[in-house]
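One structure is given below, encoded as C-alpha coordinates.
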Amino acid sequence: MKVCSLVLIWLISESTVDADSFECGRRKIKLNKAIVRGQDTSPGEWPWHAAVYRRTGFSDSYVCGGTLISDKFLLTADHCTNDDNGNGLVSKRIFIRLGVHNLQALNLQTLQQHDVLHVHRFGYSKGVKNDIAILELSTEVRFTEYVQPACINQVPDLTDQLGTVVGWGVTETDALTPVLKSSRMPAIGSIQCIESDRDIFGATLDRSLFCAGYTNGTTVCNGDSGGGIHFERDGAWYVGGLVSFTGVRDSGHLCRTKGYAGFTNVFHFLPWIWNITQLTSLAQKNNVVTLHTGEDPMSSRTYPNYLPRNCGTRIVNRITRGQRANLYEFPWMAVLVSDEDFCMGTLISKRYVLTTIQCSRNPSPYQVKLGDYDILRDRDCNVNDPTDCAPSTRLYDIEFIVLHQSYSRETRHNDIALVRLKTEVSFDDHIQPVCLPVTPQLQRMTFTEFTIAGWGVTDQADNLASILQKAKVPATECNTHSIARKRFPVDSASQICLELVTSDGPIACIGDLGGLLGNTVQFDNGLRFVQFGVVSYGKAACGKGPWIYTNVTHFMPWIRANLAA
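Structure below.
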(Lines of atoms letter the chains of each structure in order from A and count residues from 1; the text may use other names and numbers.)
(Lines give C-alpha, C1' and ligand atoms only; values in the text may rest on other atoms or scores of the structure.)
Protein backbone atom coordinates (compact mmCIF):
# COMPACT_ATOMS: atom_id res chain seq x y z
CA MET A 1 0.00 0.00 0.00
CA LYS A 2 1.30 3.45 -0.92
CA VAL A 3 0.31 6.58 0.94
CA CYS A 4 1.55 10.13 0.62
CA SER A 5 1.36 13.37 2.59
CA LEU A 6 -1.02 15.91 1.24
CA VAL A 7 -1.94 19.26 -0.29
CA LEU A 8 -5.35 20.21 -1.65
CA ILE A 9 -6.84 20.14 -5.14
CA TRP A 10 -9.28 23.02 -5.24
CA LEU A 11 -12.47 22.54 -7.22
CA ILE A 12 -15.52 23.58 -5.19
CA SER A 13 -16.98 26.90 -4.00
CA GLU A 14 -17.16 28.11 -0.40
CA SER A 15 -19.66 30.41 1.29
CA THR A 16 -18.69 33.04 3.85
CA VAL A 17 -19.88 34.35 7.19
CA ASP A 18 -20.09 37.86 8.56
CA ALA A 19 -17.60 39.01 11.15
CA ASP A 20 -18.80 39.04 14.74
CA SER A 21 -17.45 38.96 18.23
CA PHE A 22 -16.11 35.53 18.98
CA GLU A 23 -14.18 33.30 21.25
CA CYS A 24 -12.92 31.00 18.56
CA GLY A 25 -13.67 30.02 15.00
CA ARG A 26 -14.97 33.42 13.88
CA ARG A 27 -13.59 35.66 11.17
CA LYS A 28 -12.92 39.31 11.85
CA ILE A 29 -13.30 40.52 8.27
CA LYS A 30 -16.32 40.72 5.96
CA LEU A 31 -16.24 38.73 2.74
CA ASN A 32 -18.67 39.44 -0.09
CA LYS A 33 -17.58 36.88 -2.65
CA ALA A 34 -17.73 33.14 -2.92
CA ILE A 35 -14.80 30.85 -3.67
CA VAL A 36 -15.43 29.23 -7.04
CA ARG A 37 -13.46 26.37 -8.60
CA GLY A 38 -9.83 27.09 -7.98
CA GLN A 39 -10.17 30.74 -7.02
CA ASP A 40 -7.92 32.00 -4.28
CA THR A 41 -9.18 32.68 -0.78
CA SER A 42 -9.14 36.19 0.64
CA PRO A 43 -6.65 37.38 3.26
CA GLY A 44 -8.15 36.81 6.70
CA GLU A 45 -10.72 34.30 5.45
CA TRP A 46 -9.05 31.42 7.30
CA PRO A 47 -7.21 33.25 10.11
CA TRP A 48 -6.46 30.04 12.04
CA HIS A 49 -4.58 28.36 9.20
CA ALA A 50 -0.83 28.30 9.79
CA ALA A 51 2.25 27.51 7.73
CA VAL A 52 4.71 25.12 9.38
CA TYR A 53 8.37 25.52 8.39
CA ARG A 54 11.50 23.45 8.87
CA ARG A 55 14.94 24.93 9.41
CA THR A 56 17.54 23.07 7.33
CA GLY A 57 21.02 24.48 7.55
CA PHE A 58 20.94 28.07 6.36
CA SER A 59 17.56 27.83 4.65
CA ASP A 60 13.95 27.48 5.72
CA SER A 61 11.37 25.42 3.87
CA TYR A 62 7.59 25.23 4.08
CA VAL A 63 6.53 21.66 4.93
CA CYS A 64 2.97 21.55 6.25
CA GLY A 65 -0.16 23.31 7.30
CA GLY A 66 -1.54 23.62 10.81
CA THR A 67 -4.47 25.02 12.77
CA LEU A 68 -4.16 27.57 15.57
CA ILE A 69 -6.33 26.62 18.58
CA SER A 70 -5.14 29.18 21.16
CA ASP A 71 -2.53 31.87 21.68
CA LYS A 72 0.02 29.17 22.53
CA PHE A 73 -0.93 25.96 20.74
CA LEU A 74 -1.29 24.71 17.18
CA LEU A 75 -2.48 21.37 15.78
CA THR A 76 -0.70 19.65 12.91
CA ALA A 77 0.11 16.15 11.67
CA ASP A 78 2.70 14.10 13.53
CA HIS A 79 4.71 13.31 10.40
CA CYS A 80 5.07 17.06 9.80
CA THR A 81 7.37 17.13 12.83
CA ASN A 82 9.74 14.48 11.44
CA ASP A 83 12.75 14.74 9.17
CA ASP A 84 13.01 12.97 5.81
CA ASN A 85 14.06 9.75 7.56
CA GLY A 86 11.05 9.73 9.87
CA ASN A 87 12.96 10.83 12.95
CA GLY A 88 11.40 13.43 15.21
CA LEU A 89 12.76 16.94 14.79
CA VAL A 90 13.84 18.95 17.81
CA SER A 91 11.61 21.94 18.48
CA LYS A 92 14.22 24.54 17.52
CA ARG A 93 14.18 23.23 13.94
CA ILE A 94 10.49 24.06 13.55
CA PHE A 95 8.75 27.44 13.40
CA ILE A 96 5.34 28.61 12.24
CA ARG A 97 3.93 31.60 10.41
CA LEU A 98 0.45 33.04 10.86
CA GLY A 99 -1.44 35.63 8.85
CA VAL A 100 0.03 34.22 5.63
CA HIS A 101 -1.95 34.33 2.39
CA ASN A 102 0.75 34.02 -0.26
CA LEU A 103 3.81 31.92 0.60
CA GLN A 104 5.92 33.76 -1.97
CA ALA A 105 4.76 37.28 -1.13
CA LEU A 106 4.60 37.65 2.64
CA ASN A 107 2.64 40.63 3.93
CA LEU A 108 4.60 42.08 6.84
CA GLN A 109 1.50 43.92 8.04
CA THR A 110 -0.33 40.65 8.79
CA LEU A 111 2.56 38.21 9.29
CA GLN A 112 3.45 36.71 12.67
CA GLN A 113 6.31 34.25 13.12
CA HIS A 114 6.75 32.10 16.22
CA ASP A 115 9.35 29.57 17.26
CA VAL A 116 8.25 26.25 18.73
CA LEU A 117 9.00 25.67 22.40
CA HIS A 118 7.93 22.04 22.52
CA VAL A 119 6.56 19.39 20.15
CA HIS A 120 3.92 17.28 21.87
CA ARG A 121 3.54 13.95 20.11
CA PHE A 122 0.77 11.51 20.96
CA GLY A 123 3.38 9.04 22.14
CA TYR A 124 3.31 6.36 19.51
CA SER A 125 2.50 6.31 15.83
CA LYS A 126 1.60 3.17 13.95
CA GLY A 127 1.59 3.64 10.17
CA VAL A 128 -0.80 6.49 9.45
CA LYS A 129 -2.59 6.19 12.79
CA ASN A 130 -2.22 8.74 15.60
CA ASP A 131 -0.97 11.25 13.03
CA ILE A 132 -1.35 14.27 15.28
CA ALA A 133 0.98 16.64 17.10
CA ILE A 134 0.59 19.79 19.16
CA LEU A 135 3.11 22.59 18.67
CA GLU A 136 3.57 24.66 21.80
CA LEU A 137 4.81 28.11 20.81
CA SER A 138 7.59 29.94 22.61
CA THR A 139 5.76 33.30 22.43
CA GLU A 140 2.10 34.22 22.66
CA VAL A 141 0.18 34.85 19.46
CA ARG A 142 -1.35 38.30 19.02
CA PHE A 143 -4.91 37.97 17.73
CA THR A 144 -5.76 40.31 14.84
CA GLU A 145 -8.17 40.40 11.90
CA TYR A 146 -5.84 37.96 10.14
CA VAL A 147 -4.87 35.72 13.06
CA GLN A 148 -7.55 33.96 15.13
CA PRO A 149 -7.97 30.53 16.78
CA ALA A 150 -10.31 27.85 15.47
CA CYS A 151 -12.75 26.01 17.71
CA ILE A 152 -12.20 22.29 18.24
CA ASN A 153 -14.87 19.87 17.09
CA GLN A 154 -16.75 18.10 19.87
CA VAL A 155 -19.19 16.11 17.72
CA PRO A 156 -18.26 12.41 17.60
CA ASP A 157 -19.61 11.62 14.12
CA LEU A 158 -19.16 14.01 11.19
CA THR A 159 -20.43 11.61 8.51
CA ASP A 160 -22.24 13.41 5.64
CA GLN A 161 -21.38 16.86 7.01
CA LEU A 162 -19.72 19.27 4.59
CA GLY A 163 -16.32 20.49 5.68
CA THR A 164 -13.85 22.92 4.15
CA VAL A 165 -10.19 22.01 3.69
CA VAL A 166 -7.64 24.82 3.56
CA GLY A 167 -4.07 24.84 2.32
CA TRP A 168 -1.40 25.83 -0.18
CA GLY A 169 -1.81 23.05 -2.67
CA VAL A 170 -1.26 21.32 -5.93
CA THR A 171 -3.77 22.21 -8.63
CA GLU A 172 -5.36 19.89 -11.20
CA THR A 173 -2.24 20.37 -13.36
CA ASP A 174 0.15 19.27 -10.58
CA ALA A 175 1.44 22.82 -10.19
CA LEU A 176 2.07 24.11 -6.68
CA THR A 177 0.18 27.32 -6.01
CA PRO A 178 1.56 29.71 -3.38
CA VAL A 179 -1.82 31.30 -2.66
CA LEU A 180 -4.05 29.83 0.04
CA LYS A 181 -7.02 27.94 -1.36
CA SER A 182 -10.03 26.10 0.03
CA SER A 183 -12.26 23.27 -1.08
CA ARG A 184 -15.53 21.95 0.27
CA MET A 185 -16.03 18.21 0.70
CA PRO A 186 -18.17 15.83 2.78
CA ALA A 187 -17.04 13.49 5.53
CA ILE A 188 -17.59 9.90 4.39
CA GLY A 189 -18.80 6.94 6.44
CA SER A 190 -16.26 4.23 7.27
CA ILE A 191 -17.94 1.44 5.30
CA GLN A 192 -18.26 3.56 2.17
CA CYS A 193 -14.65 4.66 2.50
CA ILE A 194 -13.26 1.14 2.97
CA GLU A 195 -15.29 -0.22 0.07
CA SER A 196 -13.91 2.51 -2.18
CA ASP A 197 -10.33 1.25 -1.72
CA ARG A 198 -9.63 -1.66 0.61
CA ASP A 199 -5.88 -1.53 -0.09
CA ILE A 200 -5.62 1.99 1.27
CA PHE A 201 -8.31 2.15 3.95
CA GLY A 202 -9.03 -1.46 4.88
CA ALA A 203 -6.15 -1.88 7.32
CA THR A 204 -5.95 1.72 8.56
CA LEU A 205 -9.42 3.10 9.22
CA ASP A 206 -10.57 3.13 12.85
CA ARG A 207 -12.08 5.66 15.26
CA SER A 208 -8.95 7.80 15.12
CA LEU A 209 -9.42 8.45 11.38
CA PHE A 210 -12.17 9.40 8.97
CA CYS A 211 -12.47 9.88 5.22
CA ALA A 212 -13.58 12.93 3.28
CA GLY A 213 -13.73 14.04 -0.33
CA TYR A 214 -15.23 12.97 -3.61
CA THR A 215 -14.18 10.33 -6.11
CA ASN A 216 -14.55 12.71 -9.06
CA GLY A 217 -11.34 14.66 -8.59
CA THR A 218 -12.10 16.84 -5.57
CA THR A 219 -9.66 15.68 -2.93
CA VAL A 220 -6.39 16.55 -1.21
CA CYS A 221 -2.90 16.01 -2.53
CA ASN A 222 0.85 16.33 -1.90
CA GLY A 223 2.42 18.77 0.45
CA ASP A 224 -0.12 20.22 2.86
CA SER A 225 -0.40 17.55 5.52
CA GLY A 226 -1.46 18.85 8.89
CA GLY A 227 -3.93 21.35 7.48
CA GLY A 228 -7.44 21.22 8.88
CA ILE A 229 -10.85 20.30 7.56
CA HIS A 230 -13.27 22.75 9.18
CA PHE A 231 -17.00 22.54 9.85
CA GLU A 232 -19.26 25.54 10.39
CA ARG A 233 -21.86 25.55 13.16
CA ASP A 234 -23.79 28.62 14.29
CA GLY A 235 -21.39 30.95 12.53
CA ALA A 236 -18.27 29.48 14.12
CA TRP A 237 -15.71 27.17 12.50
CA TYR A 238 -14.51 23.96 14.17
CA VAL A 239 -11.47 21.95 13.13
CA GLY A 240 -12.69 18.37 12.83
CA GLY A 241 -9.76 16.63 11.16
CA LEU A 242 -6.16 16.99 10.02
CA VAL A 243 -5.06 16.14 6.49
CA SER A 244 -3.14 12.88 6.80
CA PHE A 245 -2.92 10.57 3.77
CA THR A 246 -4.33 9.37 0.46
CA GLY A 247 -3.40 6.87 -2.23
CA VAL A 248 -0.63 7.61 -4.71
CA ARG A 249 -0.51 7.23 -8.45
CA ASP A 250 1.23 4.21 -9.88
CA SER A 251 3.71 6.52 -11.59
CA GLY A 252 5.52 9.02 -9.41
CA HIS A 253 4.83 10.19 -5.87
CA LEU A 254 1.86 12.45 -6.52
CA CYS A 255 -1.48 11.67 -4.96
CA ARG A 256 -4.32 9.95 -6.73
CA THR A 257 -6.91 12.65 -7.36
CA LYS A 258 -9.96 10.43 -7.80
CA GLY A 259 -10.37 8.96 -4.34
CA TYR A 260 -11.07 9.80 -0.74
CA ALA A 261 -8.45 11.14 1.66
CA GLY A 262 -7.74 10.11 5.25
CA PHE A 263 -8.01 12.66 8.06
CA THR A 264 -6.92 12.37 11.68
CA ASN A 265 -10.11 12.57 13.75
CA VAL A 266 -9.59 15.42 16.21
CA PHE A 267 -12.53 14.33 18.38
CA HIS A 268 -10.80 11.02 19.13
CA PHE A 269 -7.85 12.90 20.66
CA LEU A 270 -9.81 15.41 22.77
CA PRO A 271 -8.66 14.01 26.14
CA TRP A 272 -5.03 14.17 25.06
CA ILE A 273 -5.45 17.69 23.63
CA TRP A 274 -6.97 18.95 26.87
CA ASN A 275 -4.31 17.21 28.92
CA ILE A 276 -1.57 19.02 27.00
CA THR A 277 -3.14 22.44 26.50
CA GLN A 278 -5.41 22.77 29.56
CA LEU A 279 -7.41 25.20 27.46
CA THR A 280 -10.29 26.86 29.25
CA SER A 281 -12.37 27.19 26.05
CA LEU A 282 -12.48 25.07 22.93
CA ALA A 283 -15.90 26.12 21.66
CA GLN A 284 -17.44 29.40 20.56
CA LYS A 285 -18.35 31.95 23.21
CA ASN A 286 -21.64 31.47 25.08
CA ASN A 287 -21.68 27.76 24.22
CA VAL A 288 -21.22 25.37 27.11
CA VAL A 289 -17.84 23.75 26.72
CA THR A 290 -19.10 20.29 27.51
CA LEU A 291 -18.95 17.50 25.04
CA HIS A 292 -22.60 16.71 24.54
CA THR A 293 -24.64 17.45 21.44
CA GLY A 294 -28.36 17.95 21.12
CA GLU A 295 -30.82 19.74 23.37
CA ASP A 296 -30.63 17.45 26.40
CA PRO A 297 -27.19 17.78 28.04
CA MET A 298 -27.74 14.58 30.01
CA SER A 299 -28.79 12.51 27.00
CA SER A 300 -27.18 9.07 26.97
CA ARG A 301 -27.78 8.91 23.22
CA THR A 302 -24.98 11.32 22.48
CA TYR A 303 -22.14 8.98 23.38
CA PRO A 304 -21.87 5.22 23.72
CA ASN A 305 -21.90 3.98 27.31
CA TYR A 306 -18.32 2.96 28.05
CA LEU A 307 -19.06 2.52 31.75
CA PRO A 308 -19.27 -1.11 32.90
CA ARG A 309 -22.75 -2.47 33.60
CA ASN A 310 -21.43 -4.73 36.36
CA CYS A 311 -20.46 -1.91 38.72
CA GLY A 312 -20.86 -1.04 42.38
CA THR A 313 -20.96 -4.65 43.60
CA ARG A 314 -19.06 -6.06 46.54
CA ILE A 315 -18.93 -9.17 48.70
CA VAL A 316 -21.92 -8.42 50.95
CA ASN A 317 -21.22 -10.93 53.72
CA ARG A 318 -17.88 -9.27 54.45
CA ILE A 319 -19.35 -5.83 55.20
CA THR A 320 -19.82 -4.71 58.81
CA ARG A 321 -20.65 -1.44 60.43
CA GLY A 322 -17.98 0.73 61.93
CA GLN A 323 -15.33 3.35 61.44
CA ARG A 324 -12.91 1.07 59.70
CA ALA A 325 -13.95 -0.20 56.29
CA ASN A 326 -13.87 -3.92 55.79
CA LEU A 327 -11.73 -5.83 53.37
CA TYR A 328 -13.46 -5.89 49.95
CA GLU A 329 -15.98 -3.21 51.00
CA PHE A 330 -14.76 -0.47 48.64
CA PRO A 331 -12.96 -2.34 45.83
CA TRP A 332 -13.11 0.71 43.55
CA MET A 333 -10.84 2.87 45.70
CA ALA A 334 -7.60 3.86 43.97
CA VAL A 335 -4.38 5.40 45.27
CA LEU A 336 -2.65 7.89 42.97
CA VAL A 337 1.07 7.32 43.30
CA SER A 338 3.23 10.46 43.11
CA ASP A 339 6.43 11.75 44.69
CA GLU A 340 4.69 14.04 47.18
CA ASP A 341 0.99 14.36 47.98
CA PHE A 342 -1.33 11.49 48.91
CA CYS A 343 -4.43 11.46 46.75
CA MET A 344 -7.19 9.10 45.79
CA GLY A 345 -9.59 8.29 43.02
CA THR A 346 -12.20 5.72 42.08
CA LEU A 347 -12.07 3.09 39.37
CA ILE A 348 -14.98 3.62 36.96
CA SER A 349 -14.03 1.31 34.07
CA LYS A 350 -11.25 -0.98 32.89
CA ARG A 351 -9.17 2.00 31.75
CA TYR A 352 -10.26 5.06 33.75
CA VAL A 353 -10.00 6.39 37.30
CA LEU A 354 -12.06 9.39 38.43
CA THR A 355 -10.36 11.99 40.62
CA THR A 356 -9.82 15.74 41.00
CA ILE A 357 -7.52 18.12 39.15
CA GLN A 358 -5.80 18.98 42.42
CA CYS A 359 -4.72 15.34 42.64
CA SER A 360 -3.58 15.28 39.01
CA ARG A 361 -0.80 17.85 38.85
CA ASN A 362 1.99 19.53 40.82
CA PRO A 363 3.24 16.85 40.89
CA SER A 364 1.41 14.62 38.46
CA PRO A 365 0.89 11.01 39.55
CA TYR A 366 2.68 8.40 37.48
CA GLN A 367 0.96 5.22 38.68
CA VAL A 368 -2.35 4.08 40.11
CA LYS A 369 -2.55 1.41 42.82
CA LEU A 370 -5.72 -0.68 42.90
CA GLY A 371 -6.98 -3.26 45.38
CA ASP A 372 -5.38 -1.63 48.42
CA TYR A 373 -6.80 -1.71 51.95
CA ASP A 374 -3.92 -1.17 54.36
CA ILE A 375 -1.43 1.11 52.64
CA LEU A 376 1.37 0.09 55.02
CA ARG A 377 1.14 -3.64 54.28
CA ASP A 378 2.17 -5.52 51.18
CA ARG A 379 -0.71 -7.96 51.61
CA ASP A 380 -4.10 -7.08 53.03
CA CYS A 381 -5.91 -9.42 55.41
CA ASN A 382 -9.10 -9.32 57.43
CA VAL A 383 -8.32 -7.74 60.82
CA ASN A 384 -10.63 -10.27 62.48
CA ASP A 385 -9.30 -13.28 60.57
CA PRO A 386 -5.59 -13.19 59.56
CA THR A 387 -6.11 -16.21 57.30
CA ASP A 388 -8.64 -14.33 55.17
CA CYS A 389 -6.43 -12.32 52.81
CA ALA A 390 -7.06 -10.49 49.59
CA PRO A 391 -5.00 -10.92 46.42
CA SER A 392 -2.05 -8.59 46.01
CA THR A 393 -2.50 -4.96 45.04
CA ARG A 394 -1.79 -4.00 41.45
CA LEU A 395 0.07 -1.05 39.99
CA TYR A 396 -0.93 0.45 36.65
CA ASP A 397 1.08 2.99 34.68
CA ILE A 398 -0.74 6.13 33.55
CA GLU A 399 -1.17 6.80 29.83
CA PHE A 400 -2.49 10.35 30.21
CA ILE A 401 -4.72 12.48 32.42
CA VAL A 402 -7.73 14.45 31.20
CA LEU A 403 -8.18 17.71 33.12
CA HIS A 404 -11.47 19.56 32.84
CA GLN A 405 -10.90 22.44 30.45
CA SER A 406 -12.75 25.01 32.61
CA TYR A 407 -11.09 24.34 35.96
CA SER A 408 -10.54 27.47 38.02
CA ARG A 409 -7.82 27.53 40.65
CA GLU A 410 -9.40 30.64 42.17
CA THR A 411 -12.89 29.16 42.68
CA ARG A 412 -12.10 25.41 42.55
CA HIS A 413 -14.98 25.02 40.11
CA ASN A 414 -14.85 22.09 37.63
CA ASP A 415 -12.38 20.23 39.83
CA ILE A 416 -12.59 16.90 38.04
CA ALA A 417 -10.15 14.74 36.10
CA LEU A 418 -9.95 11.33 34.44
CA VAL A 419 -6.82 9.19 34.64
CA ARG A 420 -6.42 6.82 31.70
CA LEU A 421 -4.38 3.70 32.41
CA LYS A 422 -1.97 2.24 29.87
CA THR A 423 -3.43 -1.25 30.19
CA GLU A 424 -6.86 -2.65 30.98
CA VAL A 425 -7.70 -3.57 34.56
CA SER A 426 -8.63 -7.16 35.31
CA PHE A 427 -11.52 -7.11 37.77
CA ASP A 428 -11.34 -9.30 40.88
CA ASP A 429 -13.00 -9.46 44.32
CA HIS A 430 -10.78 -6.64 45.58
CA ILE A 431 -10.80 -4.61 42.35
CA GLN A 432 -14.18 -3.53 40.96
CA PRO A 433 -15.57 -0.39 39.27
CA VAL A 434 -17.94 1.94 41.10
CA CYS A 435 -21.27 2.89 39.55
CA LEU A 436 -21.94 6.44 38.34
CA PRO A 437 -25.33 8.20 38.06
CA VAL A 438 -25.92 7.31 34.41
CA THR A 439 -29.73 7.32 34.37
CA PRO A 440 -32.24 10.14 34.99
CA GLN A 441 -33.63 8.11 37.90
CA LEU A 442 -30.24 8.02 39.63
CA GLN A 443 -29.60 11.68 38.87
CA ARG A 444 -32.86 12.75 40.53
CA MET A 445 -32.31 10.80 43.76
CA THR A 446 -32.13 12.66 47.07
CA PHE A 447 -30.66 11.35 50.32
CA THR A 448 -30.62 12.12 54.02
CA GLU A 449 -27.06 10.85 54.37
CA PHE A 450 -24.07 9.83 52.29
CA THR A 451 -21.15 7.44 52.67
CA ILE A 452 -17.58 8.67 52.38
CA ALA A 453 -14.45 6.53 52.25
CA GLY A 454 -10.71 7.08 52.13
CA TRP A 455 -7.35 6.95 53.86
CA GLY A 456 -7.81 10.42 55.28
CA VAL A 457 -6.58 12.29 58.30
CA THR A 458 -8.50 10.86 61.26
CA ASP A 459 -7.68 13.26 64.09
CA GLN A 460 -6.54 16.75 64.96
CA ALA A 461 -2.92 15.56 64.98
CA ASP A 462 -3.13 15.02 61.23
CA ASN A 463 -2.44 11.31 61.48
CA LEU A 464 -3.14 9.54 58.22
CA ALA A 465 -5.07 6.29 58.53
CA SER A 466 -3.24 3.32 57.08
CA ILE A 467 -6.42 1.25 56.81
CA LEU A 468 -9.26 2.39 54.59
CA GLN A 469 -11.83 4.38 56.57
CA LYS A 470 -15.54 4.94 56.01
CA ALA A 471 -18.21 7.14 57.56
CA LYS A 472 -21.85 8.10 57.20
CA VAL A 473 -22.31 11.86 56.88
CA PRO A 474 -25.57 13.85 56.98
CA ALA A 475 -26.72 15.30 53.67
CA THR A 476 -27.01 18.75 55.23
CA GLU A 477 -26.39 21.49 52.70
CA CYS A 478 -24.12 24.39 53.60
CA ASN A 479 -25.86 27.45 54.98
CA THR A 480 -25.39 30.87 53.43
CA HIS A 481 -22.98 31.93 56.18
CA SER A 482 -20.65 29.02 55.55
CA ILE A 483 -16.95 29.74 55.79
CA ALA A 484 -16.50 27.81 52.56
CA ARG A 485 -18.87 30.17 50.77
CA LYS A 486 -16.85 33.12 51.98
CA ARG A 487 -13.58 31.61 50.84
CA PHE A 488 -14.75 30.12 47.54
CA PRO A 489 -18.11 30.77 45.85
CA VAL A 490 -20.00 27.47 45.72
CA ASP A 491 -21.68 26.59 42.44
CA SER A 492 -24.84 24.73 43.43
CA ALA A 493 -25.10 23.01 40.02
CA SER A 494 -21.60 21.57 39.77
CA GLN A 495 -20.69 21.22 43.45
CA ILE A 496 -22.17 19.61 46.57
CA CYS A 497 -21.55 21.52 49.80
CA LEU A 498 -22.18 19.62 53.04
CA GLU A 499 -22.10 21.05 56.57
CA LEU A 500 -20.15 18.39 58.45
CA VAL A 501 -20.59 19.86 61.89
CA THR A 502 -19.96 16.75 63.95
CA SER A 503 -16.77 16.75 66.00
CA ASP A 504 -16.85 13.22 67.34
CA GLY A 505 -17.06 11.11 64.20
CA PRO A 506 -14.81 10.36 61.26
CA ILE A 507 -15.43 12.78 58.39
CA ALA A 508 -13.58 13.89 55.27
CA CYS A 509 -10.21 15.52 55.87
CA ILE A 510 -7.51 17.03 53.66
CA GLY A 511 -5.98 13.61 53.10
CA ASP A 512 -9.20 12.50 51.44
CA LEU A 513 -8.82 14.62 48.29
CA GLY A 514 -10.11 12.66 45.33
CA GLY A 515 -12.10 10.35 47.59
CA LEU A 516 -15.73 9.46 47.04
CA LEU A 517 -19.13 10.54 48.26
CA GLY A 518 -21.79 7.96 47.47
CA ASN A 519 -24.62 5.73 48.50
CA THR A 520 -25.92 2.21 48.16
CA VAL A 521 -29.07 2.27 46.03
CA GLN A 522 -31.51 -0.18 44.51
CA PHE A 523 -30.51 -0.20 40.86
CA ASP A 524 -30.55 -2.65 37.97
CA ASN A 525 -32.22 -5.43 39.98
CA GLY A 526 -29.81 -5.24 42.87
CA LEU A 527 -28.05 -3.12 45.46
CA ARG A 528 -25.28 -1.04 43.90
CA PHE A 529 -22.92 1.56 45.28
CA VAL A 530 -23.17 4.76 43.23
CA GLN A 531 -20.70 7.63 43.43
CA PHE A 532 -22.31 11.08 43.46
CA GLY A 533 -19.37 13.25 44.51
CA VAL A 534 -15.58 13.59 44.53
CA VAL A 535 -13.89 15.23 47.53
CA SER A 536 -12.58 18.61 46.36
CA TYR A 537 -11.73 20.73 49.44
CA GLY A 538 -12.87 21.69 52.93
CA LYS A 539 -11.85 22.99 56.31
CA ALA A 540 -8.34 22.21 57.45
CA ALA A 541 -9.55 21.09 60.87
CA CYS A 542 -10.98 17.59 60.88
CA GLY A 543 -14.51 17.11 62.15
CA LYS A 544 -15.69 20.69 61.70
CA GLY A 545 -17.00 22.93 58.97
CA PRO A 546 -18.20 22.51 55.40
CA TRP A 547 -16.78 20.26 52.73
CA ILE A 548 -17.13 20.68 48.99
CA TYR A 549 -17.58 17.79 46.58
CA THR A 550 -17.51 17.88 42.79
CA ASN A 551 -21.02 16.87 41.66
CA VAL A 552 -20.55 13.78 39.48
CA THR A 553 -24.09 13.97 38.09
CA HIS A 554 -23.39 17.42 36.63
CA PHE A 555 -20.29 16.15 34.83
CA MET A 556 -21.72 12.93 33.38
CA PRO A 557 -21.78 14.34 29.77
CA TRP A 558 -18.09 15.28 30.11
CA ILE A 559 -17.20 11.89 31.60
CA ARG A 560 -19.09 9.97 28.92
CA ALA A 561 -17.56 12.01 26.12
CA ASN A 562 -14.01 11.47 27.32
CA LEU A 563 -14.54 7.74 27.75
CA ALA A 564 -15.81 7.62 24.17
CA ALA A 565 -12.95 9.67 22.73
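With mature numbering (1 follows the signal peptide of the UniProt record, and there is no 0) applied, the sequence shown covers -19 to -1, 1 to 546. Here a beta-carbon is modelled for each residue, glycine too, at the ideal position from N, C-alpha and C.
When DSSP states are grouped into helix, strand and coil, Trp218 belongs to the strand group. Residues of the same chain with a CB within less than 8 Å of the CB of Ser475, apart from the 5 flanking positions on each side, are His394, Asn395, Thr531, Asn532, His535 and Phe536 in chain order.
Ser164 is classed as buried because its beta carbon has at least 16 other beta carbons within 10 Å across all chains shown. With 16 or more other Cβ atoms inside 10 Å of its own Cβ, Gly208 counts as buried. Looking at the DSSP output, Met314 shares a beta bridge with Thr327.
Closest in C-alpha terms to Asp369, from the list Trp313, Arg360 and Tyr377, comes Arg360.
In the three-state reduction of the DSSP assignment, Leu92 falls in the coil class.
If you look at Pro130, you'll find it isn't in any beta strand (DSSP E); DSSP assigns it neither H nor E. In the three-state reduction of the DSSP assignment, Ala114 falls in the strand class. For Asn256, the number of other beta carbons within 10 angstroms of its own is at least 16, and it is reported as buried. Annotation for Arg165: the continuous beta strand (DSSP E) segment containing it runs Lys162 to Ile169.
Per DSSP, Trp255 lies in no beta strand (DSSP E); the unbroken alpha helix (DSSP H) holding it starts and ends at Leu251 to Thr258.
In this structure, Pro167 places its C-beta atom within 8 Å of the C-beta atom of Leu143.
No Cβ-Cβ contact shorter than 8 Å links Lys350 with Thr327.
Rounded to whole angstroms, the separation of the alpha carbons of Val97 and Gln422 is 49 Å.
According to DSSP, residue pairing for Ser42 in a beta bridge involves Arg35. Under DSSP, the beta-bridge partners assigned to Phe431 are Val454. Take Leu376, set aside five residues on each side of it, and the residues of its chain with a beta-carbon closer than 6 Å to its own are Gln348 and Lys350, in chain order. Taking a C-beta distance under 8 Å as the contact criterion, Cys5 and Cys192 do not qualify as a contact pair.
For His211, the beta-bridge partners assigned by DSSP are Thr145 and Val220. DSSP, read as helix, strand or coil, puts Pro527 in strand. No residue range can be given for Gln135, since it is assigned to no beta strand (DSSP E) and is classified by DSSP as neither H nor E.
Here Val406 carries a coil assignment [DSSP, helix/strand/coil].
Under the DSSP assignment, Arg332 falls outside any alpha helix (DSSP H); it carries neither an H nor an E label.
If you ignore the 5 residues before and after Ile338, its C-beta comes within less than 6 Å of the C-beta of Leu384, Tyr388, Asp396 and Ala398, all in its own chain and listed in chain order. Taking 3 residues as the shortest admissible run, the region 341 to 415 contains the following complete beta strand (DSSP E) segments, listed from N- to C-terminal end: 348 to 351, 366 to 370, 375 to 384 and 398 to 402. When C-alpha distances from Ala456 are compared across Pro470, Met426, Trp436 and Gly435, the shortest belongs to Met426. Nearest Cα to Gly240 within the set Asn246, Ser206 and Tyr195: Tyr195. Remark: C-beta atoms of Asp64 and Arg102 do not approach each other more closely than 8 Å. Between Gly496 and Ile540, the CB-CB gap reaches or exceeds 8 Å. Excluding sequence positions up to five before and after Asn111, its CB lies within less than 6 Å of the CB of Phe103, all in the same chain and listed in chain order.
Ranked by how close their Cα comes to the Cα of Asp320, the residues Asp141, Cys45 and Ser345 have Ser345 in first place.
Between the C-alpha atoms of Gln94 and Phe226 there is a straight-line separation of about 27 Å.
Residue nearest to Thr48 within the set Cys61, Ser42 and Asp41 is Cys61 (criterion: CA-CA distance). For Arg509, the enclosing beta strand (DSSP E) begins and ends at Leu508 to Gly519.
Arg78 has Ala32 and Gln94 as its beta-bridge partners, per DSSP.
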